[in-house]
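Peer 1:
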Amino acid sequence: MIIVPEREIAGLVSASDCFTAVEQVFASMARKSAYNFPVIRESIGHADALYGFKSGFDRESLALGLKSGGFWPNNLAKGLTNHQSTVFLFDADTGRCRAVVGGNLLTALRTAAASAVSIKYLAGPDARVLGMIGAGHQSTFQLRAALDQRSFEKVVAWNLHPEGLDRLAAIAAERDLPFEVVDLDTLGAEADVIITITSSFAPILKKAQVRPGTHLACMGTDTKGKQEVESRLFETATIFTDEIAQSVTIGEAQHPVSEGLIERERIVEIGAVINGDHPGRSSAEEITLFDGTGVGLQDLAVASAAVDLAVQRGVAIEVDF
Ligand code: NAD
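Here the sequence shown is numbered in this note's numbering, starting from 151 and rising by one per residue.
(1) Roughly how many whole angstroms lie between the Cα atoms of isoleucine 394 and aspartate 241?
(2) Can you tell me whether proline 188 is buried or exposed? The criterion is at least 16 other CB atoms within 10 Å of its CB, across all chains shown.
(3) Run through DSSP, which three-state label would valine 237 get?
(4) Alpha carbon to alpha carbon, how far is histidine 428 from lysine 376? Give it in angstroms, no decimals.
(5) Using only the alpha-carbon positions, how far apart do glycine 202 and glycine 215 sit?
(6) Going by the beta-carbon positions, is the gap between alanine 249 and arginine 294 smaller than 8 Å?
(7) Any chance the segment 447–456 sits against the segment 163–177, with 3 or more Cβ pairs inside 8 Å?
(8) For glutamate 409, which residues from the same chain have a beta carbon less than 8 Å from its beta carbon, with the 5 sequence-adjacent residues on both sides left out?
(9) Evaluate threonine 391 with the Cβ neighbour count: other Cβ atoms within 10 Å of its Cβ, from every protein chain shown; 16 or more gives buried, anything less gives exposed.
(10) By a C-beta neighbour count over all protein chains shown, 10 Å radius and 16 as the cutoff for buried, is asparagine 186 buried or exposed?
(11) Keeping to the same chain, check which residues put their C-beta closer than 8 Å to that of glutamate 419; ignore five residues upstream and five downstream.
(12) Looking at the secondary structure, which residues open and close the alpha helix (DSSP H) in which threonine 257 lies?
(13) Are the CB atoms of aspartate 167 and alanine 184 within a distance shorter than 8 Å?
(14) Can you tell me which of Leu450, Met151, Gly401, Lys228 puts its alpha carbon nearest to the alpha carbon of glycine 206?
(15) Counting along the chain, where does the beta strand (DSSP E) carrying serine 218 start and finish?
(16) CB valine 379 to CB isoleucine 354, shorter than 8 Å?
(17) Could you say which of Gly252, Phe471, Ile424, Ala197 lies nearest to serine 218 if we only look at CA atoms?
(18) Between the Cα of tryptophan 308 and those of Ser301, Glu435, Glu330, His405, spot the shortest distance and give me the residue it belongs to.
(19) For asparagine 186, write down the residues that DSSP places opposite it in a beta bridge.
(20) If you draw a straight line from the alpha carbon of aspartate 316 to that of proline 362, how long is it in whole angstroms?
(21) Please report the distance separating the alpha-carbon of isoleucine 345 from that of valine 306.
(22) Does the Cβ-Cβ distance between alanine 367 and glycine 446 come in under 8 Å?
(23) Can you tell me where the alpha helix (DSSP H) with phenylalanine 384 in it begins and where it stops?
(24) Does DSSP put lysine 304 in a helix, in a strand, or in coil?
(25) Which residues does DSSP list as the beta-bridge partners of glutamine 377?
(26) Which one or two residues does DSSP pair with alanine 367 in a beta bridge?
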């Protein structure tokens, strides 16, 4: 069995490796070759922690396994990250444990890769202004990955509190891009692509603030009750997601579906666009919305890439297990 420790991931796996892995697994999901198993998420009644598993199997890559992880809100005081994830991969032919991989950085990279894939396939080709809503831990990964997808000329950003916006400004500066902190009206009026990556439980961005032609990647809502955009935005947008079952239960689409504003049949898996089975954006005026809920298969795909790279570069720790 191979161990790839968390400390090795940054030196092994690039954003580009994760983009390729996530693009491939979304395509495999839409071909019905890969499927996610039901998600387990429990409040364990200790240390205020939420703990769970995301798992699945991809018959094309033979990635089989699970990500175990959760949220320990008191970790920061101990000098640890609140979100803790570990990926376990199993040999699809024998069921033996193949690898244990640190999953913290990989989670951020695979989440950023998902919105980047959505931008590649759904944003207008001439998108020039990127709007960021949220400036927490994930947002820096989101921003870097998005900037690789179009020739953006400016970044506009909004956060509930000013903290964190400096980190986004620094990334824009690295790329020689102007960066402006704006209100939500201005953000919607200027941005061609908007990424929402917050832990909000109430809509932040309103339908009236989004102009025709915008692509939205809504990435923060991954739990029942969270919400980042007004449900009515879904009425006129063309809606895409990683997995429909998650989108309507724990994703952003849970709200418009439960409110009866849209039918789940209107939601398209982004893999169908990658495979050429759905045209994606069909006009310059269309609003496209990607509901990125975060699936276990993304974790398995990027962890498999990490294992392959660790073996190639001689940093995989082999243990007799
Ligand atoms: P974080 O705690 O570091 O940052 C949270 C962000 O949300 C901050 O910008 C904060 O200002 C903002 N925020 C919190 N409450 C808000 C409110 N009421 N209104 C507006 N903004 C508010 O969290 P993070 O690690 O950056 O994660 C952000 C979100 O992304 C979380 O909800 C997390 O669960 C989710 N997430 C999704 C995926 C996925 O695959 N879709 C993966 C990882 C994390």
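Ideal placement from N, C-alpha and C gives every residue a C-beta, glycine not left out.
Peer 2: Reading off the structure:
(1) 27 Å
(2) exposed
(3) strand
(4) Going from the Cα of lysine 376 to the Cα of histidine 428 covers about 28 Å.
(5) 14 Å
(6) no
(7) yes
(8) Ser381
(9) buried
(10) buried
(11) Phe176, Met179, Ala180, Phe390, Thr391, Asp392, Glu393, Ile394
(12) 254–272
(13) no
(14) Of the candidates Leu450, Met151, Gly401, Lys228, the one whose C-alpha sits nearest the C-alpha of glycine 206 is Leu450.
(15) 213–221
(16) Against a cut-off of 8 Å, the Cβ pair of isoleucine 354 and valine 379 comes out as a contact.
(17) Gly252
(18) Glu330
(19) Gly206
(20) Rounded to the nearest angstrom, the gap between the Cα atoms of aspartate 316 and proline 362 is 29 Å.
(21) 11 Å
(22) no
(23) 383–386
(24) strand
(25) Phe351
(26) Ile345, Phe440
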